[in-house]
Amino acid sequence: MTAFYMFRLIFVAFFGSHTGGEHAHESPPVMTWPLLILAGLSVVSGLVGSPLLDNVFGHYITAPGAAHHPLNTVVMAVSTLLALGGILLAWLIYQQEYIRAEAIRVRFAPLYGLLSHKFYIDEVYAWLIARVVDGGARLLEWMDLRIVNGAVNGLANLTGWSGRTLRYTEDGQVQTYGLYLVAGLVIILITALVTAATAVLG
11 MTAFYMFRLI FVAFFGSHTG GEHAHESPPV MTWPLLILAG LSVVSGLVGS
61 PLLDNVFGHY ITAPGAAHHP LNTVVMAVST LLALGGILLA WLIYQQEYIR
111 AEAIRVRFAP LYGLLSHKFY IDEVYAWLIA RVVDGGARLL EWMDLRIVNG
161 AVNGLANLTG WSGRTLRYTE DGQVQTYGLY LVAGLVIILI TALVTAATAV
211 LG
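The sequence shown maps to residues 11 to 212 in the numbering used here.
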């Protein structure tokens with residue numbers, strides 16, 4: 011798959027028909043030479059750890075130990091053939107146009123739709139974020155503002171209200187304090203009388 015879409019990019023970008031308004035110019039050597047060096051190293055760097063060079067790099071960075079798994083030529087051959095098949099398919103579709111990309115798109119429309127939408131992973135992720143995560147966040151925000159903050163603010167408001175209410179009882183006048191004393195005595199007297207009457211009648 012990687013070989014297919016990478017060579018699709020190469021065939022379309024470098025060997026396809028020009029569709030831009032201006033002629034693209036070659037990059038200067040200060041840009042091309044580092045790319046050429048990196049490309050060359052990418053091609054040959056895999057040989058450093060291969061049995062063809064007696065795994066020189068592996069012997070350099072590791073101490074003697076347990077025997078490693080031998081080279082699996084079957085896996086290498088199959089993966090190489092699959093990569094070459096992907097390159098050939100990209101060449102037939104996008105370079106030689108022996109196979110029409112539109113025909114493949116129409117013939118395998120369901121599979122094409124699934125792949126073009128990346129298995130709808132982005133859509134599912136967006137739905138989860140919009141519905142589950144955002145919905146849960148809004149619920150927690152409501153609970154925090156209404157319940158948690160409501161309880162804390164309610165206690166604070168109750169304390170403030172009781173303080174403001176009791177403030178009027180402390181006006182510094184002797185007459186007011188005498189009135190409170192008489193009212194308290196009356197309440198005590200009434201309570202005592204009611205209690206005594208209840209005991210006698212009961």
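We put the beta carbon where it would ideally sit given N, CA and C, even for glycine.
- Residue 14 and residue 96 do touch by the CB rule: their CB atoms are close to 4 Å apart, below 8 Å.
- Counting of Cβ neighbours within 10 angstroms places residue 104 among the buried residues, the total reaching 16 or more.
- For residue 81, the secondary structure class from DSSP, reduced to helix, strand or coil, is coil.
- Distance check between residue 16 and each of 98, 153, 155 and 148 places 98 closest, using alpha-carbon atoms only.
- Under a 10 Å Cβ-count criterion, residue 100 is classified as buried, with 16 or more other Cβ atoms of the shown protein chains found around its own Cβ.
- Taking every protein chain shown into account, the CB of residue 148 has fewer than 16 other CB atoms within 10 angstroms, so this residue is exposed.
- Around the C-beta of residue 18, 16 or more other C-beta atoms lie within 10 Å, and the residue is accordingly described as buried.
- Assignment of residue 110 by DSSP, reduced to helix, strand and coil, places it in the coil class.
- In this chain, the alpha helix (DSSP H) harbouring residue 12 covers 12-24.
- Under the DSSP assignment, residue 39 falls in the alpha helix (DSSP H) whose first and last residues are 39-54.
- Per the coordinates, the alpha-carbon of residue 39 lies some 23 Å from the alpha-carbon of residue 55.
- A straight-line Cα-Cα distance of about 48 Å links residue 108 and residue 69.
- Apart from the 5 residues on each side of it in sequence, residue 143 has no Cβ closer than 7 Å to any other Cβ in its chain.
- Our two residues, residue 127 and residue 89, have alpha carbons roughly 26 Å apart in a direct line.
- Boundaries for residue 64: no alpha helix (DSSP H) harbours it, and the DSSP string shows neither H nor E there.
- Our two residues, residue 167 and residue 132, have alpha carbons roughly 48 Å apart in a direct line.
- In the DSSP assignment, residue 141 falls outside any alpha helix (DSSP H), carrying neither H nor E.
- In this model, residue 94 and residue 137 are separated by some 39 Å (Cα to Cα).
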